[in-house]
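Q: Handing you a structure now.
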Amino acid sequence: MEPTSKAPTRKALHLRVPVLQEEAQAIRLLASNAGLPVATYLRKVGLGYRVHGILDHRRVEELARINGDLGRLGGLLKLWLTDDARTARFGETTILAVLSKIEDTQRAMQDIMRDVVLPNSPRKHL
73 MEPTSKAPTR KALHLRVPVL QEEAQAIRLL ASNAGLPVAT YLRKVGLGYR
123 VHGILDHRRV EELARINGDL GRLGGLLKLW LTDDARTARF GETTILAVLS
173 KIEDTQRAMQ DIMRDVVLPN SPRKHL
């Protein structure tokens, strides 16, 4: 009888990559954000595969709530702009407050999107 040949495994060969302590921490953090062990993360990145991160579902729910707030504020503004009778009592101050609230909400939404897309990232520029 012939000995059966086993399929090659990844345990046969290891690559050693010297890194600085800060680089090791950054790689561990990126692997963790992607939900992968460090070895799998480095293998995928090294072979040119795109590594997909795990979305923070709590933050996505927060984005949905903020999006709803923007929709309601936009609806109020639309009513005012169309001279709807229901908004006749709203003065300029109220409308300016609504516009300010929309801008604040947009900023909050952008901050959350930045956190979801670039979690724990040292690069905070978008």
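If you number the sequence shown the way my numbering does, the last residue is 198 and the count never jumps. By construction, the Cβ of each residue, glycine as well, lies at the ideal position given by its N, Cα and C atoms.
#1: Taking the straight line between their C-alpha atoms, what separation do you get for VAL188 and VAL132?
#2: Would you mind working out which of LEU102, GLU94, LEU145 and PRO109 sits nearest SER172, comparing C-alpha positions?
#3: Taking just the CA atoms, how far does LEU119 sit from HIS86?
#4: Going along the chain, which residues of its own chain have a beta-carbon closer than 8 Å to the beta-carbon of GLU134, five neighbours each way excluded?
#5: Which whole-angstrom value is the C-beta distance of VAL123 and VAL117, which I expect to be below 8 Å?
#6: Kindly list the residues whose CB is nearer than 8 Å to the CB of MET181, restricted to its own chain and excluding five residues on each side of it in sequence; keep chain order.
#7: DSSP state of HIS197, grouped into three classes?
A: Based on what the coordinates show:
#1: Those two C-alpha atoms are separated by around 8 Å.
#2: The residue with the shortest Cα to Cα distance from SER172 is LEU145.
#3: 15 Å
#4: ILE184
#5: 6 Å
#6: Same-chain partners within the cutoff: LEU135, ILE138, ASN139 and LEU142.
#7: Unreliable placement is indicated for HIS197, whose pLDDT of 44 sits below 50; no coordinate value is reported for it.
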